[in-house]
Structure formats: C-alpha cells, structure tokens
Amino acid sequence: MHFSHILRSKKNILSIAFALFLTFFSLNVSALEGAVAEETATAHAKETEKEKEFDISTFILHHIADTHSFHLWGEGENSVGIPLPVILWTESGLIVFMSGEFHHDAEGKVVVEKGGQRFINVHEKIYYASPAANEHGVFAEVNAKHEVANKQPLDFSITKNVFTLIFSSVILAIVFIGVAKGYRKRSGKSPKGFQSLMEPVILFIRDEVAIPNLGSKFERFMPYLLTIFFFIWFNNLLGMVPFFPGGANLTGNINLTFVLALLTFIITTANGNKYYWSHIFKPHVPWWLYPLMIPVEIIGIFTKPIALMIRLFANITAGHILVLALLCLIFVFKSIFVAPVSVLFVVFISLIELLVGAIQAFIFTVLTALFIGLAIEEHGEH
Amino acid sequence: MDLFNPSIGLVVWSTIVFLLLFFVLSKFAWKPVLAAIKEREHSIDDALNKAELARDAMVRLTATNAQLMQDTRAERDQILKEAKALKDNIVNEAKQQAHTEGAKLIEKAKIEIENQKKAALAELKNQVSTLSIEIAERVLRSQLDDKAKQQDLVNSLLKDVELN
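Here the protein sequences line up with chains A and B, keeping their order.
Counted the way numbering that gives the first Met the number 0 counts, the first sequence spans residues 0 to 381.
Counted the way numbering that gives the first Met the number 0 counts, the second sequence spans residues 0 to 163.
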C-alpha cells in the first residue's frame, strides 16, 4: 500500500499526530458533554425548582446546532435576529414562510398556520402542531423520554447552515473567478495581489497532494481537490467568526461532512480500475481466507469515507465546544474575575483552531487524493 | 443529542450548492488557472532551456574563436618563417651571383691586363729594335769618324740595351 508518502515528511507526521491528538481530545470533550447532557435531561423534571440554573450543555449544543434564524443579540422574547425562509414539503405540498413568524420561539409554544396546516418549532425542528396545548403551553405530545412525538414535515429550510453554505460558495466563486481573471489578464507574467496569495496554495495542492498521490492522472482530479480544500478551509475559518455572517458551525455539521465524504466515495468508486476491484474481490491471500478477507475489504471501502466524515465533523465541533465551554466558565463560576482567564484561553484555543481549520482541510484533501490514488493505481502488486 | 441528527434539508442543499460550486469553479476558475500556471511553467522552462542553449553556443563560439586565433597565429608564424627563408635565399643567391660576377670581372680584367702587357711589351720590343737600329745607324756614322770612339759607344749602348 502507498500510505508511505503521507508519512514521508516529518511535517506531515507532526500534523497528523496533532490532528489525532485533537480528535481524541475532542471526542473526550464531546463524550463528557454527552454525559452532562444526560444528567441535565434527568434533572430536567426538577426545572421548576431551579428554574434559572445555567445549563452549560444545552447552551453549547444550542450554539453549535443549526437554527432557523440568524441570531444577532438578546435573549428569548427580546432577541434580535435575521429571519430565514422556512421551506417545508408537507403532506399537501410545498409551504414557505419566514422563520420570524415563530417570534423567536423554539419551545413549541407559538403555532404558525399556513396553507391550512399548523406548525411549531421545538429546538429548531419543525413539527405539525397538536390540536391543543398541553399543561406547559406546548402544542406537542411529549413521550416518556422527553421526545416530541408529533410528526415532522420534510424540512428544506434555508437554515443558518444553508445560508452560510450559499454565502461561502458565492464568496469562493467570486474570489476564484477573480483570481482566474488575473491569470487571463496577466498571462505568462508573475502573479499579483490576491492571485499571488492563492497561487502558492494551489501549487501546494498540486505538487504536494495531487501529484504524489495520483501520479500522471492528477489533472483530472485537480478541480475537485482544489474545490474541496478551499471550501472546507474557508468554512472552517468562517465558522470561527463569532458574528454574522460567520458563526454557523457548517463544517462541524455531520450532514455536510457526510455529503463531502459521499462525493469522495462516489469519485473513488466510479474511478476504481480492475486492480482496485481485484484487490477487493480477489485479495492476495490463500483461498480459504476469502470468506474473511472479502468482507473486510468491502467494509474497508465504506470505512474510508466514514472516517473522513467523522474526522472533519469531530475536529471542528470539538473546537467550537471548547471555545464555548471556556466562555461558559464565567457563568458557571458566576464571577467577572474569571473572564480574563476565560478570554485568554479562548484566544489561545481560537489560534489553535485557525491552525486546525487549515490542517483539517489539508487532511481531507490529502486523504481524498490518497483514496482516489489507490483506486486508479495501475499495477496490482503489493 | 442534536449533534448526530440527520437533516435531509442540509444534505440536499449542500449537495446542490457544493456541486454547483464545483462546476462553476472548475469551469471558470480552476481550468484557466491551472492552464495558465502550466503554460507559464512551460514558458519559463523554455526560456531557461534557450538560455542554456545560448550559453552553450557562446561557449562553442568562444572556443572556435580561440581556435581560429591560434590557427591564424600559426599561419602568420609560418608565413614569416617562409618569408625569412626566402629572404635569406635571395640574399645568398645575390651574394653568390655578385661573387661569381666579380670573379668573372677580375678574370676579364686580368686577361685584359695581360693583353695590354703583351701589347706594351711588343711595342717596347718594337721601339727597342727601332732604337737599336737608330743607335746602330749613329754608331755606324761615328765609326766612320773615329774607330776607337765607335767601339766605346757600341759597348755602352749595348750595356744600356741589356738593362732593358
């Protein structure tokens, strides 16, 4: 196998080790947060007694989750935000309205009536409303596990993440078409301005990622590698901006990383040559090991993109959780004197996150190139 | 909690938007950019190759020039050597000729002198004989006057003649 070129340079080993470290770290943190979340869920029943108790895990998970409006400032009824379109595919067709009609309610207390149907928003998920409110004033059936039992329409809303997705794609398109224009205008001459800022990165992807992994056929896959690298990198950075138009946790959302990993999987599988498939269905082992090896190889096809999906999601989410948790320390200790320490740590972690944002984009691109490289490799010997 | 929630909306939107971005960037950004970079790299390589060739040509030219210079110098030396040899030859020949010519002249002069000498001797002999006849005439005349005196005169004249 040709994993060796990833491990060839010291720099790569360092960055991989660092990324692995952060991955474990982040998984630990999210496991911890999960535990806290369960505890708070059981304590949820006693909410009436300690109503204003600060709930750190709900707060953090609320901030990294997708929402139907762009929150700017304020809390609850007084919060100010940019409403985004809600697009629902219901049992009786398409329904569109602005999320402002929920009046910042995410508890299921406000019912929006559209097209003869009634909707509520519970924790930024849209449900069909129950005919009448329960004892808490919520138009939903809540089961024993504190889950909403109501049916859901298919939700194709322009949420915060979808907005950021479109926004960042437009910015990327404008920037790189501008860069391309620079090349056309100054063809054959040295790059200038933003063009000279981007050229080393493009050359780095070509010379350090594409050519070592893909060999002579690298040119076919360059557009995909470049798009995926700049898309992930830019959205990682945009996610670090705490206010509009940043603030969405797009690359830390498993649905998006799923789509990116799926595209890599499709490209890898579609380009797999006969050596790739013969390596899976006729591995170089004694025949009696086939019942063991073939399933392992088939599982291997799927674990590679799944690892891509989880790695990006976990790293970026972990960074966001870490920053938010450090800020929450101020409210946990209920002291303004914790603030300088918190802010100092947040700045430190944010700087690391800037690095992680670039490293994760690089790793996703390298592994994509590596997987495609394995699929298109010409000779079958191992 | 909500972290792993599948969201069909986001999946659909990100597929559409990302693919759109991919096609737009591929067509309008990556293709021209990569082509431009490749072309520029080729032109730089070309320029470097040309510079290399020019340098080689220069080196070759310099070598040729040096060779030419050396050849020329050798030729010049050869010509000078030949000229010198020619000159020596000519001088020698001239000397030889002058020598033989001189020798010939001297020979001629010698012969002339000999001839003149012979002519002078013949003249002298003639004059002597004429003189002898005159003397003899005079002696004969004086003898007719005085016998003794005639004898003396003849004797003294003969002495003079023998001296010549």
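Glycine included, C-beta positions come from ideal geometry on N, C-alpha and C.
Could you tell me whether any Cβ in chain B is nearer than 7 Å to the Cβ of residue i?
| i | result |
| --- | --- |
| Ala-172 of chain A | yes |
| Ala-139 of chain A | no |
| Ala-179 of chain A | yes |
| Val-258 of chain A | yes |
| Ala-152 of chain A | Correcting the residue type first, residue 152 of chain A is Pro in the shown sequence and not Ala. Not an interface residue. |
| Phe-370 of chain A | no |
| Asn-120 of chain A | no |
| Val-85 of chain A | no |
| Phe-363 of chain A | no |
| Thr-226 of chain A | yes |
| Leu-237 of chain A | no |
| Asn-149 of chain A | no |
| Val-345 of chain A | no |
| Tyr-182 of chain A | yes |
| Val-200 of chain A | no |
| Pro-244 of chain A | no |
| Pro-222 of chain A | yes |
| Leu-255 of chain A | yes |
| Phe-69 of chain A | no |
| Phe-175 of chain A | yes |
| Val-208 of chain A | no |
| Ser-277 of chain A | no |
| Ile-204 of chain A | no |
| Gly-187 of chain A | yes |
| Leu-354 of chain A | no |
Expressed to the nearest angstrom, what Euclidean distance is found between the alpha-carbon atoms of residue i and residue j?
| i | j | result |
| --- | --- | --- |
| Ile-176 of chain A | Leu-196 of chain A | 14 Å |
| Ser-131 of chain B | Lys-116 of chain B | 22 Å |
| Ile-231 of chain A | Gln-194 of chain A | 19 Å |
| Glu-352 of chain A | Ile-63 of chain A | 15 Å |
| Asp-44 of chain B | Gly-356 of chain A | 36 Å |
| Ser-168 of chain A | Glu-207 of chain A | 25 Å |
| Asp-81 of chain B | Leu-60 of chain B | According to the sequence as given, residue 81 of chain B is Glu; it is not Asp. Approximately 31 Å between the Cα atoms of the pair. |
| Ala-128 of chain A | Ile-86 of chain A | 16 Å |
| Val-79 of chain A | His-70 of chain A | 6 Å |
| Glu-133 of chain B | Lys-109 of chain B | 35 Å |
| Ser-155 of chain B | Lys-148 of chain B | 11 Å |
| Leu-373 of chain A | Pro-285 of chain A | 22 Å |
| Asn-252 of chain A | Glu-40 of chain B | 40 Å |
| Ala-132 of chain A | Ser-56 of chain A | 27 Å |
| Glu-76 of chain A | His-103 of chain A | 6 Å |
| Ala-126 of chain B | Lys-158 of chain B | A small fix is needed here, since residue 126 of chain B is Gln in this sequence, not Ala. Near 17 Å, if we compare the C-alpha coordinates of Lys-158 of chain B and Gln-126 of chain B. |
Between residue i and chain A, is there a C-beta pair that is closer than 7 Å?
| i | result |
| --- | --- |
| Ala-28 of chain B | yes |
| Leu-9 of chain B | yes |
| Val-174 of chain B | Residue 174 of chain B falls outside the range modelled here, since chain B spans only 0 to 163, and no answer is possible. |
| Leu-47 of chain B | no |
| Ala-50 of chain B | no |
| Ala-73 of chain B | no |
| Leu-79 of chain B | no |
| Val-58 of chain B | no |
| Ala-35 of chain B | yes |
| Arg-39 of chain B | yes |
| Trp-12 of chain B | yes |
What residues in its chain sit with their C-beta under 7 Å from that of residue i, if we drop five residues either side in the sequence?
| i | result |
| --- | --- |
| Val-137 of chain A | Glu-106, Gly-107 and Lys-108 |
| Thr-263 of chain A | Pro-304, Leu-307, Thr-367 and Phe-370 |
Give me the Cβ distance between residue i and residue j, rounded to the nearest whole Å; I'm assuming they're in contact under 8 Å.
| i | j | result |
| --- | --- | --- |
| Ala-179 of chain A | Val-23 of chain B | Not quite, the Cβ-Cβ distance comes to about 11 Å (not below 8 Å), so this is no contact. |
| Lys-124 of chain A | Phe-96 of chain A | That belief does not hold up - the Cβ atoms of Lys-124 of chain A and Phe-96 of chain A are roughly 16 Å apart, past 8 Å. |
| Thr-267 of chain A | Ile-371 of chain A | 5 Å |
| Ser-13 of chain B | Leu-261 of chain A | Not really, about 10 Å apart at Cβ, beyond 8 Å. |
| Phe-279 of chain A | Ile-298 of chain A | Contrary to the premise, residue 279 of chain A reads as Ile rather than Phe in this sequence. So it is not a contact: roughly 10 Å between Cβ atoms. |
| Thr-316 of chain A | Leu-2 of chain B | 7 Å |
| Leu-328 of chain A | Val-337 of chain A | 5 Å |
| Ile-81 of chain A | Ser-91 of chain A | 29 Å between Cβ atoms; not a contact. |
Excluding the 5 residues flanking residue i on each side, which residues of the same chain have their C-beta closer than 6 Å to its C-beta?
| i | result |
| --- | --- |
| Phe-53 of chain A | Phe-330 |
| Arg-310 of chain A | none |
| Asn-212 of chain A | Ala-368, Leu-369 and Gly-372 |
| Thr-163 of chain A | Ala-247 and Leu-249 |
| Ile-105 of chain B | none |
| Gly-99 of chain A | Pro-82 |
Within a Cβ cutoff of 8 Å, which residues of the same chain sit near residue i, ignoring the five residues on either side of it in sequence?
| i | result |
| --- | --- |
| Val-258 of chain A | none |
| Ile-456 of chain A | A question about residue 456 of chain A goes unanswered here, because the residues of chain A that appear run from 0 up to 381. |
| Asn-4 of chain B | none |
| Leu-93 of chain A | Ile-86 and Leu-87 |
| Tyr-275 of chain A | Leu-373, Ala-374, Ile-375 and Glu-376 |
| Ser-156 of chain A | His-67, Leu-83, Pro-84, Val-85, Ile-86, Leu-87, Ser-98 and Ile-125 |
Using a Cβ-Cβ cut-off of 7 Å, state whether residue i counts as contacting chain E.
| i | result |
| --- | --- |
| Val-111 of chain A | Checking the listed chains, one finds no chain E in this structure; the protein chains it contains are A and B. |
Proximal residues, the region 60-71 of chain B versus chain A, C-beta separation under 9 Å: none
Contacting positions in the region 321-352 of chain A - beta carbon closer than 9 Å to chain B: none
Report the residues of the region 299-323 of chain A with a CB closer than 9 Å to any CB of chain B, ordered along the chain. Phe-312 and Thr-316
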